[in-house]
DNA sequence: AGAGTGACGTTCGAATTTGAACAACATGGA
DNA sequence: TCCATGTTGTTCAAATTCGAACGTCACTCT
């Protein structure tokens, strides 16, 4: 516990750029999705996560972990989306505690309409601006950051798996269906 | 309006890494700050932004822009912090509409106690994991992303200035006082 | 079998955030 | 001077988020 290791100028730039870019980006994406499709940012992510999950369903805890959101928060949102018919709940036969959130056809249809808009915006605002090297740095660097945080305290194991894209798993669900690409 | 330019695998990795890392990081930072100092994430940022602003004060709109937050949200938080004695309001003599949020000595003292913890966490979770090249990529790439978004629609001009760290301005306030480094 | 431990999803109240509407003011030109 | 336009900060109701407490259940060890 020596003195604090303060950030140098470049680290400061990196930190503000990181937080500011995220805030700005997320704000735009959310506004667009809400205006054009009535979806909040979180709701879009839920649809996307479910769409490329095996069987288009995920357990609540897994979903909460992947989205880095509280359990209670997810319960609320799934409730809203269930009212809207985008998702339905299915209790797990093998484990009475578990509940699956299942993407309905209606939810899938909405996602398919919303996804092009979403992806186009992300590309335009982020990837069209970054160089290939910078994209790789993001993927590698922040990927590692996520993995470590998810592994350590406070993190949820699910978040790590999502990020890791580890080994054979990554390619498994990708490519077979249109579904696979709607995530991002 | 051609087909959607979907994301390739590396872009997908980058996107999830970006959002996940931010969510995980912010969550930890907020929990720590709240537990040890009773500060929410936004409140810490407010203190930090004010601390290295000329005169330790900023107009509400500027602050809201820099933090990428809504005006009403800032009004609320400044209200809370004013109750806590961390900040006070000062009306602008030259413009009756404008209101300055001013950092009090008490607020400054709290920031000085909280900053080491904050910075240490950011360093440990982020910068200790990234390579120097990756740090530069973050600063440059996401800096440019922020700048463009702030300039375009929906963005606030203040956010751009924050990010730009342009030219001589960056060094101006840095180094002279302890104050300058508490931001990040 | 039975107790202990931990995971799961929900509920609840409090805190926060959001967006639109608003009143007061500044600024520019007719 | 006076009006039109755009800003600034606040208010309000509704929506969302958070954390802790709960009830239910699975799993393990004895």
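Protein chains in written order, with our numbering: chain A, 1 to 184; chain B, 185 to 368.
The beta carbon of each residue, even a glycine, is placed where N, CA and C say it ideally should be.
| Query | Result |
| --- | --- |
| Does DSSP classify residue 72 of chain A as helix, strand or coil? | helix |
| Report the residue from A:65, A:60 and A:86 whose alpha carbon sits nearest the alpha carbon of residue 98 of chain A. | A:60 |
| CA-CA distance, residue 255 of chain B and residue 230 of chain B? | 13 Å |
| If you measure beta-carbon to beta-carbon, which residues of the stretch 15-32 of chain A are closer than 9 Å to chain B? | 15, 16, 17, 18, 19, 20, 21, 22, 23, 24, 25, 26, 27, 28 and 31 |
| For residue 5 of chain A, which three-state DSSP category applies? | coil |
| Taking only beta carbons into account, state which residues of the stretch 300-319 of chain B come closer than 8 Å to chain A, listed in chain order. | 300, 303, 304, 306, 307, 309, 310, 311, 313, 314, 315, 317, 318 and 319 |
| Do residue 334 of chain B and residue 24 of chain A have their C-beta atoms within less than 8 Å of each other? | yes |
| With respect to the beta strand (DSSP E) encompassing residue 272 of chain B, which residues constitute its N-terminal and C-terminal limits? | 271-275 |
| Would you give the residue range spanned by the beta strand (DSSP E) that residue 103 of chain A belongs to? | 99-103 |
| What ranges does the beta strand (DSSP E) occupy inside the stretch 214-258 of chain B, keeping only unbroken runs of at least 3 residues that lie completely in it? | 241-243 |
| Looking at the structure shown, is residue 84 of chain A part of a helix, part of a strand, or coil, going by DSSP? | coil |
| Pull up the distance between the alpha-carbon of residue 294 of chain B and that of residue 235 of chain B, whole angstroms please. | 11 Å |
| Spatial neighbours of residue 242 of chain B within its chain, please: CB distance less than 8 Å, with the 5 preceding and 5 following residues excluded, ordered by chain position. | 233, 234, 250, 284 and 285 |
| Would you say residue 247 of chain B lies against chain A (beta-carbon separation less than 8 Å)? | no |
| Checking contacts by CB at 8 Å: is residue 139 of chain A closer than that to chain B? | yes |
| What residues from chain B crowd round residue 144 of chain A, counting only those whose CB sits closer than 7 Å? | 313 |
| Where do the N-terminal and C-terminal ends of the alpha helix (DSSP H) with residue 146 of chain A fall, by residue? | 143-151 |
| Around the Cβ of residue 239 of chain B, are there at least 16 other Cβ atoms within 10 angstroms (buried) or fewer (exposed)? | exposed |
| From this set, B:198, B:196 and B:216, which residue's C-alpha is nearest residue 300 of chain B's C-alpha? | B:216 |
| Suppose contacts are defined by Cβ-Cβ distances below 8 Å. Is residue 104 of chain A in contact with residue 88 of chain A by that definition? | yes |
| Could you compute how far the alpha carbon of residue 266 of chain B sits from the alpha carbon of residue 199 of chain B? | 38 Å |
| Consult DSSP for residue 119 of chain A and reduce its assignment to one of helix, strand or coil. | helix |
| Closest by CA to residue 11 of chain A, which one among B:307, B:330, B:329 and B:325? | B:307 |
| Excluding the 5 residues flanking residue 190 of chain B on each side, which residues of the same chain have their C-beta closer than 7 Å to its C-beta? | none |
| Kindly indicate which residue of B:204, B:187 and B:309 has the alpha-carbon position closest to the one of residue 64 of chain A. | B:204 |
| Taking all protein chains shown into account, decide if residue 206 of chain A is buried (16 or more other Cβ within 10 angstroms of its Cβ) or exposed. | The structure shown does not extend to residue 206 of chain A, since chain A is modelled only from 1 to 184, so the question has no answer here. |
| Classify residue 313 of chain B as helix, strand or coil using the three-state DSSP reduction. | coil |
| List the residues of chain A that residue 334 of chain B touches, going by C-beta distances under 7 Å, in chain order. | 24 |
| Is residue 140 of chain A helix, strand or coil when you go by DSSP? | helix |
| Measure the alpha-carbon distance for residue 161 of chain A versus residue 328 of chain B and round it to whole angstroms. | Note that residue 161 of chain A scores 47 on pLDDT, short of 50, meaning its location in the model is unreliable and no value can be drawn from it. |
| Using a 10 Å radius around the Cβ and a threshold of 16 neighbouring Cβ atoms, would you call residue 69 of chain A buried or exposed? | buried |
| Counting only beta-carbon atoms, is residue 10 of chain A nearer than 8 Å to chain B? | yes |
| Going along the chain, which residues of its own chain have a beta-carbon closer than 6 Å to the beta-carbon of residue 30 of chain A, five neighbours each way excluded? | 41 |
| Given a cut-off of 8 Å, decide if residue 120 of chain A and residue 188 of chain B are closer than it, judged by their beta-carbon atoms. | yes |
| Say whether chain B places a C-beta atom closer than 8 Å to the C-beta of residue 104 of chain A. | no |
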